[in-house]
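Sequence order for the protein chains is A, B and C. The first sequence lines up with residues 1 to 158 when you count with our numbering. The second sequence lines up with residues 1001 to 1247 when you count with our numbering. The third sequence lines up with residues 2001 to 2097 when you count with our numbering. All C-beta atoms in this analysis are idealised placements derived from N, C-alpha and C, irrespective of residue type, glycine included.
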Amino acid sequence: MDAQSGDALGRPVSTPTRPAAPPAFHRPVRLDWWLSGRYHSPSTQGTRAYLLFMLRELSSVVVALFLVFYLVQIARLSSGQGAYDAFVATLRSPVVVLFHLIALASAIYHAVTWWQLNGVVMVVRLGSSTVPPRQLVLGGYVLWAIASIGVCLILVGF
Amino acid sequence: MSERTVSLTVMRYRPGVDAAPTPATYTVPFREDTRVLDALNYIKDEMDGTLSYRWSCRMGVCGSCGMMVNGTPKLTCSALLRDLPSAVTVEPLANFPIIRDLVVDIDDFLRKLSAVKAWLIPDSPKAIAAGEYLQTPEQVERYHQFSQCINCTLCYAACPVYGIQPQFVGPAALALAHRYKMDSRDGGWSERAPIVAGPQGVWECEFVGECSLVCPKHVDPAAAIQRTKLSASMEWMRNLVMPWAAR
Amino acid sequence: MAALLVTVHILVNLLVGVGLLGTDTLSYGRLSGLVANPIVKLYLLALFALPFFHAAHRLRGTIRDLGLHADRVVGFLGYGAAIVGSIWALAVLLGVP
Chain A
1 MDAQSGDALG RPVSTPTRPA APPAFHRPVR LDWWLSGRYH SPSTQGTRAY LLFMLRELSS
61 VVVALFLVFY LVQIARLSSG QGAYDAFVAT LRSPVVVLFH LIALASAIYH AVTWWQLNGV
121 VMVVRLGSST VPPRQLVLGG YVLWAIASIG VCLILVGF
Chain B
1001 MSERTVSLTV MRYRPGVDAA PTPATYTVPF REDTRVLDAL NYIKDEMDGT LSYRWSCRMG
1061 VCGSCGMMVN GTPKLTCSAL LRDLPSAVTV EPLANFPIIR DLVVDIDDFL RKLSAVKAWL
1121 IPDSPKAIAA GEYLQTPEQV ERYHQFSQCI NCTLCYAACP VYGIQPQFVG PAALALAHRY
1181 KMDSRDGGWS ERAPIVAGPQ GVWECEFVGE CSLVCPKHVD PAAAIQRTKL SASMEWMRNL
1241 VMPWAAR
Chain C
2001 MAALLVTVHI LVNLLVGVGL LGTDTLSYGR LSGLVANPIV KLYLLALFAL PFFHAAHRLR
2061 GTIRDLGLHA DRVVGFLGYG AAIVGSIWAL AVLLGVP
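Structure representation (structure tokens):
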């Protein structure tokens, strides 16, 4: 099928139309994209970057699971001393200790990555200058430590 | 001067001929200052003239030569071979359809640039005869970092959310929307908000952070997006509590 | 956010569990006294509710990232669980005298 167009003197000229381009190749998305190690981060995380991201996301779910346990623990306060003490006694069982170790690791990982990311992102101005990102990250850790110690003192009761 | 060589494995793909991209390996000599782009040019000049790839300025300002170098999105004009292992793999930029060899289709990104209206929408338009829009150095500083984007789309290649969900507006477009929001001359936020704070905008970002790590101009799109999330939330709350103040 | 302060609560539970802190640290009398305080109740409500929603959101995102196309169902269940969990927390805290 030719397109008709005239030349400078108006004489008919046939211009062949270009054939349609073949469709571009879409690389399939692999479901294990976060494990496959194909992506190599420029950071020290390298091929583990996406996996560490997934673990970071799941750490919030692990923390929530601990909170369900903790909610039951607090709820037992309404059930009398016997029921409460029986629940607290389970803290000593190896399974519960293991659960707490995993939950603690998740909570620490969550907090550390939280400050590493959000410390860099926040804009804190002092007068006309902005606080450098590294200081914000350190400041975040300090804030976390102070708040944690505060809660700890109230909870443990010194 | 002893000649070092690198084994460069390049993904080749001829549309309409090949079923899928396949690797081809070339042994390329290099010196202290050879970049991956120079190696590609060597292959094209000396070994296989059919190799197709994009490049232009060869100095890291045009954004044309983005490719995956050993799995990392990089500008090949800036990637020195002496910093890489003796075997290097070069693939087309991830998360984009491949047109041919190392050339990808970035039309999706270009459409998103239009969708977020990545241009100045003056708050108080002035006629040209009225003179320039004036800004203090402090006002420029507030958006300058985000204006350095060269549209190289390395950030889209690094973003797993964009990889899974191509409807996501993506790091560079959202960073540019933020750039204009922070520009004292601009008044276009209400026009950009439905896309930027909409279903495929900033809220789809999961703050993986890789976009900012691969950005060759240190734009930090991740920071731009999180700050947009914060300002959009505050604006939402303000409109909720004080609807009369809505702009 | 609130998820950052949960670390301490896990730690105290753990230390009691392995015996580095005596069980009277979490004794019925002490904890009842603490939780009776309305400010503590408010703190605990935030401590439970905020991470519940945070986790529901992250879980939905993770399911989406795994390409399972179940994120709407998981979202519904997750946010639903977060709402139920928060109401439960409120009921518990109001129920402790």
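Step through the CB atoms of chain B and report whether any lies within less than 8 Å of the CB of C/G2078.
For the purposes of this step, residue 2078 of chain C is taken as residue 78 along the third sequence, with counting starting at 1. For C/G2078, the answer is no, since every Cβ of chain B falls outside 8 Å of its Cβ.
For B/D1107, does the three-state DSSP call read helix, strand or coil?
Locating residue 1107 of chain B in the second sequence gives position 107, counting from the first residue. B/D1107 falls in the helix class under three-state DSSP.
Determine the chain A residues that contact B/I1195 at a beta-carbon separation under 7 Å, and present them in chain order.
Position 195 of the second sequence, counted from the first residue, corresponds to residue 1195 of chain B. Ordered by position in chain A, no residue passes the 7 Å Cβ test against B/I1195, which lies about 21 Å from the chain.
Keeping to the same chain, check which residues put their C-beta closer than 7 Å to that of C/L2004; ignore five residues upstream and five downstream.
Stepping through the third sequence from its first residue, residue 2004 of chain C is reached at position 4. Within the same chain, C/L2004 has no close Cβ partners at all.
Taking 8 Å as the threshold (beta carbon to beta carbon), is A/G139 in contact with chain B?
As a working mapping, residue 139 of chain A is identified with position 139 in the first sequence. So, not an interface residue.
Out of A/L136, A/W114, A/R125 and A/V97, point me to the one whose CA is closest to C/V2018's CA.
For the purposes of this step, residue 2018 of chain C is taken as residue 18 along the third sequence, with counting starting at 1. The candidate whose alpha carbon is nearest that of C/V2018 is A/V97.
Tell me which residue opens and which closes the alpha helix (DSSP H) that B/L1032 is part of.
Looking up residue 1032 of chain B in the second sequence gives position 32. Per the sequence presented here, residue 1032 of chain B reads as Glu, with Leu not at that position. No alpha helix (DSSP H) contains B/E1032, which DSSP labels as neither H nor E.
Indicate the three-state DSSP secondary structure (helix, strand or coil) for B/R1004 in the structure shown.
As a working mapping, residue 1004 of chain B is identified with position 4 in the second sequence. Three-state DSSP puts B/R1004 in a strand.
Less than 8 Å between C-beta atoms, sequence neighbours within five positions excluded: which residues of the same chain meet that for C/V2016?
Counting from 1 along the third sequence, the entry for residue 2016 of chain C is found at position 16. Counting only Cβ-Cβ distances below 8 Å, and skipping sequence neighbours, we find G2022, T2023, T2025 and L2026.
In whole angstroms, what is the alpha-carbon distance linking B/K1181 and B/W1189?
Numbered from 1 along the second sequence, position 181 holds the residue referred to as residue 1181 of chain B. Numbered from 1 along the second sequence, position 189 holds the residue referred to as residue 1189 of chain B. Rounded to whole angstroms, B/K1181 to B/W1189 spans 6 Å at the Cα level.
So who's on the other strand from A/A147, going by DSSP bridges?
Counting from one through the first sequence, the residue named residue 147 of chain A turns up at place 147. Answer is none; A/A147 lacks a bridge partner.
Closer than 6 Å by C-beta to B/E990: which residues in its own chain qualify, once you throw out the five before and the five after it? Chain order, please.
Limits of chain B in this structure are 1001 at one end and 1247 at the other, which puts residue 990 of chain B out of reach.
Mind checking which residues open and close the alpha helix (DSSP H) that includes B/L1075?
Counting from 1 along the second sequence, the entry for residue 1075 of chain B is found at position 75. Careful: B/L1075 lies outside any alpha helix (DSSP H), inside the beta strand (DSSP E) at T1072 to L1075.
DSSP on B/V1017, reduced to helix/strand/coil?
Here residue 1017 of chain B corresponds to residue number 17 of the second sequence, with the count starting at 1. Looking at B/V1017 - three-state DSSP - the assignment turns out to be coil, as it is neither helix nor strand.
Buried or exposed for A/D2, going by 16 or more other Cβ atoms inside 10 Å?
Working through the first sequence from its first residue, we reach residue 2 of chain A at position 2. Caution applies to A/D2, whose pLDDT of 46 falls short of 50 and renders its modelled position unreliable; the model cannot decide the point.
Have a look at C/V2012 and A/H40 and give me their C-alpha separation to the nearest angstrom.
Working through the third sequence from its first residue, we reach residue 2012 of chain C at position 12. Working through the first sequence from its first residue, we reach residue 40 of chain A at position 40. Whole-angstrom Cα-Cα distance: 39 Å.
Check whether the Cβ atoms of A/S148 and C/V2040 sit closer than 8 Å, and answer yes or no.
The count along the first sequence starts at 1 and reaches residue 148 of chain A at position 148. The count along the third sequence starts at 1 and reaches residue 2040 of chain C at position 40. Contact flag unset, no.
Using the rule of at least 16 other Cβ atoms within 10 Å of the residue's Cβ for burial, across every protein chain shown, is A/P16 buried or exposed?
For the purposes of this step, residue 16 of chain A is taken as the residue at position 16 of the first sequence. Under this definition A/P16 is an exposed residue.
Nearest chain C C-beta to B/I1164 closer than 8 Å, yes or no?
On the second sequence, position 164 is the one that residue 1164 of chain B refers to. With 8 Å as the cut-off, B/I1164 counts as an interface residue toward chain C.
Within 8 Å of any Cβ in chain A, is that where the Cβ of C/G2061 sits?
Here the question's residue 2061 of chain C lines up with position 61 in the third sequence. Chain A, which has a Cβ nearer than 8 Å to the Cβ of C/G2061, makes this yes.
Measuring alpha carbon to alpha carbon, tell me which of A/A20, A/Y50 and A/R11 ends up nearest A/L34.
Taking the first residue of the first sequence as position 1, residue 34 of chain A is located at position 34. The sequence shown places Trp at residue 34 of chain A, not Leu. Closest option to A/W34, Cα to Cα, is A/Y50.
Below 8 Å on C-beta distance, what does A/S78 contact in chain C?
Your numbering for residue 78 of chain A matches position 78 in the first sequence. Neighbours of A/S78 on chain C, chain order: V2092, G2095, V2096 and P2097.
Which stretch, first to last residue, makes up the alpha helix (DSSP H) that contains C/I1965?
Residue 1965 of chain C lies beyond the stretch modelled for chain C, which goes from 2001 to 2097, so this question has no answer here.
Give me the DSSP bridge partner(s) of B/D1186.
To locate residue 1186 of chain B, count along the second sequence from 1; it is residue 186. Paired residue(s): B/P1122.
Let's test the definition: count the other Cβ atoms within 10 Å of the Cβ of B/R1035 and tell me whether it reaches 16, buried, or not, exposed.
Taking the second sequence and counting its residues from 1, the one referred to as residue 1035 of chain B is at position 35. Looking at its Cβ environment, which holds 16 or more other Cβ atoms inside 10 Å, B/R1035 is buried.
Just the chain C side, please: which residues come within less than 9 Å of B/E1210 by C-beta, in chain order?
For this step, residue 1210 of chain B is matched to residue 210 along the second sequence. The premise fails here: B/E1210 is roughly 13 Å from chain C at the closest Cβ pair, so nothing lies under 9 Å.
Kindly give me the distance between the Cβ atoms of B/Y1156 and B/N1070, rounded to whole angstroms, as I take these residues to be in contact under 8 Å.
Here residue 1156 of chain B refers to the residue found at position 156 of the second sequence. Here residue 1070 of chain B refers to the residue found at position 70 of the second sequence. The pair is not a contact, with the Cβ atoms about 19 Å apart (cut-off 8 Å).
If you pair each beta-carbon of the stretch 1133-1151 of chain B with each one of the stretch 1190-1210 of chain B, do three or more pairs fall below 8 Å?
Touching, no.
Taking CB distances under 8 Å as the criterion, tell me whether C/V2016 reaches chain A.
Here the question's residue 2016 of chain C lines up with position 16 in the third sequence. At least one chain A Cβ lies under 8 Å of C/V2016.
Just the C-alpha distance for B/M1001 and B/D1033, rounded to the nearest angstrom, thanks.
Within the second sequence, numbered from 1, the residue matching residue 1001 of chain B stands at position 1. Within the second sequence, numbered from 1, the residue matching residue 1033 of chain B stands at position 33. Here the model assigns B/M1001 a pLDDT of 48, short of 50, so the residue's position is not dependable, and the following value carries that caveat. Distance between the alpha carbons of B/M1001 and B/D1033 is about 14 Å.
Do B/M1234 and B/L1102 have their C-beta atoms closer together than 8 Å?
Translated into positions along the second sequence, residue 1234 of chain B becomes position 234. Translated into positions along the second sequence, residue 1102 of chain B becomes position 102. Taking 8 Å as the Cβ cut-off, B/M1234 and B/L1102 do not qualify as a contacting pair.
In the DSSP assignment, the beta strand (DSSP E) including B/E1091 goes from what residue to what residue?
In the second sequence, counting from the first residue as 1, residue 1091 of chain B sits at position 91. Run containing B/E1091: A1087 to P1092, per the beta strand (DSSP E) assignment.
I want to know whether the stretch 46-62 of chain A touches the stretch 2057-2069 of chain C - three or more CB-CB distances under 8 Å.
Counting Cβ pairs under 8 Å, three or more are found: they touch.
Tell me which residues of the stretch 30-55 of chain A have at least one Cβ-Cβ distance to chain B shorter than 8 Å, keeping chain order.
Within the stretch 30-55 of chain A, the residues whose Cβ lies closer than 8 Å to some Cβ of chain B are W33, W34, G37, R38, Y39, H40, S41, P42, S43, T47, A49, Y50 and F53, listed in chain order.
Closest Cβ-Cβ distance between C/I2039 and chain A: below 8 Å?
The residue you call residue 2039 of chain C lines up with position 39 of the third sequence. Taking Cβ atoms only, chain A never reaches closer than 8 Å to C/I2039, which makes this a no.
For B/I1225, which option in B/Q1165, B/F1146, B/S1184 and B/R1185 has the closest C-alpha, if you only look at C-alpha atoms?
As a position in the second sequence, residue 1225 of chain B is number 225, starting the count at 1. Checked all of B/Q1165, B/F1146, B/S1184 and B/R1185; the closest Cα to B/I1225 is B/F1146.
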